[in-house]
Structure formats: C-alpha cells, structure tokens
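A short write-up of the structure that comes next.
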Amino acid sequence: SNQTRRWQEMDARHHVHPFSDQAALAKKGARVITHAEGVYLYDSEGHKIIDGMAGLWCVNVGYGRSELAEAGYKALKELPYYNTFFQTTNPYTAELGERLAEVTPDGLDRFFFANSGSEANDSMVKIIRYYWSLQGKPEKKVFISRKQAYHGVTMTAASLSGISAMHPQAGLPLPNHAHIDFPYWYGMGGDMDPNEFGVHIAMKLEEKILEIGAENVAAFVAEPVQGAGGLIIPPDSYWPVIQEICHKYDILLHADEVICGFGRTGNWFGSHTYGIVPDTMAMAKGMTSGYQPLSAVALGPRVGDALHNSGEEWSHGFTYSGHPVASAVALANLDVLQKDKLVEKAGGETGEHFLKHLHALADHPIVGETRGVGLLGAIELVKDKKTRERFEGDTGGLCRDHCFENDLIMRAIGNTMVLSPPLSITKAELDELFTLARKALDATAKDLGAM
Ligand code: PMP
Numbered sequence: 008s009n010q011t012r013r014w015q016e017m018d019a020r021h022h023v024h025p026f027s028d029q030a031a032l033a034k035k036g037a038r039v040i041t042h043a044e045g046v047y048l049y050d051s052e053g054h055k056i057i058d059g060m061a062g063l064w065c066v067n068v069g070y071g072r073s074e075l076a077e078a079g080y081k082a083l084k085e086l087p088y089y090n091t092f093f094q095t096t097n098p099y100t101a102e103l104g105e106r107l108a109e110v111t112p113d114g115l116d117r118f119f120f121a122n123s124g125s126e127a128n129d130s131m132v133k134i135i136r137y138y139w140s141l142q143g144k145p146e147k148k149v150f151i152s153r154k155q156a157y158h159g160v161t162m163t164a165a166s167l168s169g170i171s172a173m174h175p176q177a178g179l180p181l182p183n184h185a186h187i188d189f190p191y192w193y194g195m196g197g198d199m200d201p202n203e204f205g206v207h208i209a210m211k212l213e214e215k216i217l218e219i220g221a222e223n224v225a226a227f228v229a230e231p232v233q234g235a236g237g238l239i240i241p242p243d244s245y246w247p248v249i250q251e252i253c254h255k256y257d258i259l260l261h262a263d264e265v266i267c268g269f270g271r272t273g274n275w276f277g278s279h280t281y282g283i284v285p286d287t288m289a290m291a292k293g294m295t296s297g298y299q300p301l302s303a304v305a306l307g308p309r310v311g312d313a314l315h316n317s318g319e320e321w322s323h324g325f326t327y328s329g330h331p332v333a334s335a336v337a338l339a340n341l342d343v344l345q346k347d348k349l350v351e352k353a354g355g356e357t358g359e360h361f362l363k364h365l366h367a368l369a370d371h372p373i374v375g376e377t378r379g380v381g382l383l384g385a386i387e388l389v390k391d392k393k394t395r396e397r398f399e400g401d402t403g404g405l406c407r408d409h410c411f412e413n414d415l416i417m418r419a420i421g422n423t424m425v426l427s428p429p430l431s432i433t434k435a436e437l438d439e440l441f442t443l444a445r446k447a448l449d450a451t452a453k454d455l456g457a458m
C-alpha cells in the first residue's frame, strides 16, 4: 500500500540497520511490523505471521499481555523516571531484586541493573576485574570465551563474542580476550561419542588456561546453550568438566543467560538445566519479555560480598540503571510466568510437544540433525546425511526466506534453522508452526534439487 511504501522509504533514507542483508533490504524494503498478539505478528499489508523466534528470543510471555502494559502505565504515571545513583532506589526496583533472587540459582542474589545484554556483559567484565583487583590480583584480566559465541556489540561484549566477522573492522578483539572451541558435536565430533567429545572440548579450557597462565585469567564466559553458532546444545559431560577446571585454577565462571534465562530451556535459568553454579550471570531479553529494555548482572556471594564489603564508592552505573518503568514491567512479567506456569510448561507439556514436532523433522531429506531443549530448537540442513556435507551457498537464508514468504519467522544461523517461540504458545499453534516449517523445508529442498 502507499502507507507501507512511505514507511519503507523513510526507513531506507534514515535508519541504519547493519544487522540486515543490505542487498535484500535495498531490493524489497523493510517489512513493517505494526502490531502483535499472542504468538502472531501483523505487518502493514495485513499479513498474520507466526513468530517462531519470540521477537529475538525475547517475548517469552507472548505479545499483547495487558498485565505488562498496565504495570508499565502505572509506573509511568507514578514515577516515570528517577535515578538509582546517590543513595536512592524506587519501589519497583527494590522489589524486583527480591523477586529475582527467588528464581536465580542459589546465592546469586545481588543485581546490577542495566539496559541491554551487551551492557550487562560489558559491566560484568568491569565488575570481575574490579573484584580481582580487590583481591590483590589485578593481573587476572584475561577473559576466555568461545568461538562463534555472541555476547553483544559494545567493544568489550563484541570482544567476548567469538564471531570472527564481528572483529576485524573495529580492531577487535581488545587485548585480554581469548576464544576456545565450543561443544558442537554434530559439526566437529566426527566418530566420537557425544560425551567423550564433550570432555574433549571442555579440556580446551584447561589447555588455554595453561597457555595464558592461570595467574592471568579472570573468568570463563559462556551461555549454558550457545545460541549463536547454530544453537549448540552441550553434551551432558561438558559443564561438569568446565566447572571442575574453573575451580582447579581459581577462574570465575560467568553464565550469559540472556537467551537461556526466564524459562527458555525448561527451567528458570539454563544454569539450572545444566547444573551450573556460576559466580556471575547476565540476564536481559526474557526479563521483561522484551516489553522494556532491561538487563542485569547477577552476582553470587564471592563477587557480591567482596564488592559489598569493600565499602568503596565505585563509579559505575547507567542513567537508566534500575529504571522504575522497566522494573515494574519485569515484575509483571514474573507474575505472568508464575501465574501461567510458563516455565514448568516449557520443561513439561509445551516443551515436549515442541520437541516431538522438532525431532519428527529429522526424516526430511535435507535435515541432518535436529536438536532441542525446552522451547529452543535447531534444524541443521545438509546435502548428505551420512557425511554431514553441507550444500554450497546460503541454504539457511534460502529456507528463512521461504518461511518468511509463508508467514513464519524462523531464524537462519549458517546452515541451521533456529526456533524459540513464545513460551505461551499452544499445542495447536505449535502444530501450525511445524506445518509451515515443513512446507518451507520442502520448498528449500526443491530449489536445491534434493526433492
Ligand atoms: N548475550 C546473548 C547470549 C545474546 O543473545 C545477546 C543478544 N542477542 C546479547 C548478549 C546482547 O544483548 P543486547 O542485544 O540486549 O545487547
């Protein structure tokens, strides 16, 4: 329509969106999403699109929850903003800390609030370096993270990220960052048994620590399930060995729960699912189901007590740290997750229905592996199921476009299709989602001459 074209032209003239395929954007213009309800998005041309990605792994409670909107509106009227610097707080942020401490892993009960996942991870680096300096070990400043990981876009969060394409143009990674292999069994495990492979990859952490010298290493940083790199679900053997190594060399462990947090893997946090006891943890996205920008670094007793007991004023905080409106929305989000038992359902009936559909796609001629946990799923596309050889070209992009044309949003990461629908999705909506997914896989296979 004319209105859509007007929006697209304004967007093309003024909006910088580097995370888009620039050629496709120039050719077709941005799709204008105007409103949303439940698990459906609506665009300016009247299409109803099923959101298989919950926005960008965010919208755990689904769209259009009036409880969240009303909580935000009430706070906007009562206290639209005040800072939490200089010995002040507000009722919403005060209560949010209390409520978060009820659902985080044991002992992670102090929170530094920020506005995005990038800021949370960036702040974590500063907090941990500060911690080590309080311990009289300021030389412990190297952060080890994983190849293909994504931890955000600020200079530090991008340095933690192991996606090599994020690095060269901006002179990254910064000094004091190192990256090790990630536990991608399907792509790298060859003939190895998955658990044997998990141990093998976890031992890379020890190798890297010995190479750098434990006296120089501050922390290991990872997501419980790595979202970037194609949704890498670790073999059971992986996390126990990682934690043993961290203890052995006195290296802190930071869990990036920006995607895994708030029910995504079937428990409140991915750390619960994998038995991880992190020293610090980042959360964002699902914290407000994306309704407001809000994030936090959770601190366990070791780092939390050291900071608390130092008695020092320490200059770190964002204008919007502990934002009252965002905090109010986060509280309402926790209420909905609890009232509707969405976390239990992600680990129970909804998750089971999702995984049953996901694994049923394994019989498709171009699907090499399906992997999933809770309401996170990946479908890896291959040319040859036996040798795991991939198609040439951007197979994932092709499949993503077929999904998009059929009004389904599935994300492509390389040759892997990724799903993370709202936790509120019903069984009937999951049936619909997977019917569309199979249709898109068929269309992709036909394009590739594989069907
Ligand atoms: N960590 C992870 C695991 C993420 O997926 C993301 C965002 N996709 C971030 C950090 C960065 O969060 P933000 O975009 O809010 O800065």
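Counting the sequence shown from 1 gives a position; full-length UniProt numbering is that position plus 7.
The beta-carbon is built from N, C-alpha and C at its ideal position, and this holds for glycine as well.
A quick note: this is a predicted structure, and the numbers were derived from the prediction, not measured.
Burial of N340 is indicated by the presence of at least 16 other C-beta atoms within 10 angstroms of its C-beta. By the criterion of at least three beta-carbon pairs nearer than 8 Å, the region 421-439 is in contact with the region 342-352. Counting only the Cα atoms, T111 lies some 9 Å from H279. In the DSSP assignment, S302 falls within the beta strand (DSSP E) that extends over 302-306. At the C-beta level, F189 and L167 stay beyond 8 Å of one another. One Cα belongs to Y89, the other to A121, and the distance between them is close to 14 Å. E319: not part of any alpha helix (DSSP H); DSSP gives it neither H nor E. For R378, the secondary structure class from DSSP, reduced to helix, strand or coil, is strand.
If you draw a straight line from the Cα of A61 to the Cα of K211, it comes to about 34 Å. Residue E230 holds the alpha-carbon nearest to the alpha-carbon of R271 among I187, E230, L405, D438.
Remark: C-beta atoms of S123 and A291 approach each other more closely than 8 Å. When the beta-carbon positions are compared, D286 and L260 come within less than 8 Å of each other. The three-state secondary structure of S152, taken from DSSP, is strand. If you draw a 10 Å sphere on the C-beta of P180, you find 16 or more other C-beta atoms in it, and that means buried. Residue environment analysis places R13 among the exposed positions, since fewer than 16 neighbouring C-beta atoms fall within 10 angstroms of its C-beta.
For A127, the number of other beta carbons within 10 angstroms of its own is at least 16, and it is reported as buried. Across the structure, I420 and G45 are spaced so that their CA atoms are roughly 25 Å apart.
For the ligand PMP, a non-hydrogen atom lies closer than 7 Å to the CB of H158. Secondary structure of R418 (DSSP, three-state): strand.
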